[in-house]
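Below: the structure, in structure tokens.
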Amino acid sequence: DAGITQSPRHKVTETGTPVTLRCHQTENHRYMYWYRQDPGHGLRLIHYSYGVKDTDKGEVSDGYSVSRSKTEDFLLTLESATSSQTSVYFCAISETGLAGNYNEQFFGPGTRLTVL
Amino acid sequence: DQQVKQNSPSLRVQEGRISILNCDYTNSMFDYFLWYKKYPAEGPTFLISISSIKDKNEDGRFTVFLNKSAKHLSLHIVPSQPGDSAVYFCAASGKDGSGNTGKLIFGQGTTLQVKP
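First to last, the sequence lines map onto chains B and F.
Per the working numbering, the first sequence starts with residue 3, numbered consecutively.
Per the working numbering, the second sequence starts with residue 70, numbered consecutively.
What follows is the structure, given as structure tokens:
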């Protein structure tokens, strides 16, 4: 299994509070991704990173920001959580992503976030 | 706009029989397709993939078929086993409007239940 951990694994928070989810990898992969999984929607890309300090938006980026100060860590922040952000969040990594030769992504165990 | 669709939310199959999971896509620029398997409370795990230059890829009990003219792919599991019970996601990758590759677009998922 790829070395990917996510923390926390579960979190309950209140509307309007900031929340940061952490993804940590030990594979030294260049590309990292944040997805959310919701019933009827599958997995949707929030943000991704193609290197330290290099990030870009995915299809559902509104209300989220990310940071990557080290190769191994990719943080997802909800500046002011809303109930619509209640979801399961998955981090993924890959060796190549936007380089033309596609490689499969490996996923972390997920974080279940509930916003009351 | 759902570019990758799995129109069957669920599928029930008897152990030992064939399971066929279907996936349709709309973007003719997709050139790489993947299937992921997901157990409850775990992250998705890569199962099998196929490039658009092929129409079939086989790995043990799992075979993926690609029909480019119909923009349709399917995953066949033969024989099905109770341990195959999980949610299956298809995903597609290819050049988007910016010419980028590597981003995965996921279907909504199909829950497979294999009955003993």
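Ideal Cβ positions, reconstructed from N, Cα and C, are used throughout, including at glycine.
- As the crow flies, the alpha-carbon of Lys106 (chain F) is around 31 Å from that of Lys55 (chain B).
- A buried status is given to Tyr101 (chain F), since no fewer than 16 other beta-carbon atoms sit within 10 Å of its beta-carbon.
- Nearest CB-CB separation between Ser138 (chain F) and chain B: not below the 8 Å threshold.
- Note on Thr84 (chain B): under 16 other CB atoms within 10 angstroms of its CB, so exposed under the neighbour-count rule.
- Taking 8 Å as the upper bound on Cβ-Cβ separation, chain F lies near residues Gly42, His43, Gly44, Leu45, Arg46, Leu47, Tyr50 of the stretch 41–52 of chain B.
- Inter-residue distance for Ile87 (chain F) and Thr179 (chain F) is about 15 Å (C-alpha atoms, whole angstroms).
- When the five nearest sequence neighbours on each side are left out, the beta carbons in the same chain lying within less than 7 Å of the beta carbon of Phe92 (chain B) are those of Tyr37, Gln39, Leu45, Phe109, Gly110, Gly112, in order along the chain.
- Shown here is that no member of the stretch 10–27 of chain B has a Cβ falling below 8 Å from a Cβ of chain F.
- Under the three-state reduction of DSSP output, Gly152 (chain F) falls in the helix class.
- Counting of Cβ neighbours within 10 angstroms places Arg81 (chain F) among the exposed residues, the total staying below 16.
- By the CB criterion at 8 Å, His43 (chain B) and Glu74 (chain B) fall outside the cutoff.
- Only Phe92 from the stretch 64–97 of chain B bring a Cβ to less than 7 Å from some Cβ of chain F.
- It is roughly 15 Å from the alpha-carbon of Ala155 (chain F) to the alpha-carbon of Asn91 (chain F).
- Considered as a whole, the stretch 10–50 of chain B harbours 12–15, 21–27, 33–40 as its complete beta strand (DSSP E) runs of no fewer than 3 residues, in chain order.
- For Asp58 (chain B) and Gln83 (chain F), the gap between their C-alpha atoms comes out near 44 Å.
- Going by DSSP, Tyr91 (chain B) is part of the beta strand (DSSP E) stretching over 89–96.
- Contact of Phe158 (chain F) with chain B by beta-carbon distance below 7 Å involves Gly44, Leu45.
- Within the same chain, Ser118, Ala160 come within 6 Å of Leu103 (chain F) by CB-CB distance, once the 5 residues on both sides are set aside.
- Annotation for Ser79 (chain F): the continuous beta strand (DSSP E) segment containing it runs 79–83.
- The beta carbon of Asp124 (chain F) sits closer than 8 Å to the beta carbons of Phe134, Leu135, Asn136, Lys137 from its chain, once the five residues preceding and following it are set aside; these are given in chain order.
- Contacts with chain F (Cβ-Cβ distance below 9 Å) from the stretch 105–116 of chain B involve Asn105, Glu106, Gln107, Phe108, Phe109, Gly110, Pro111, Gly112, Arg114, listed in chain order.
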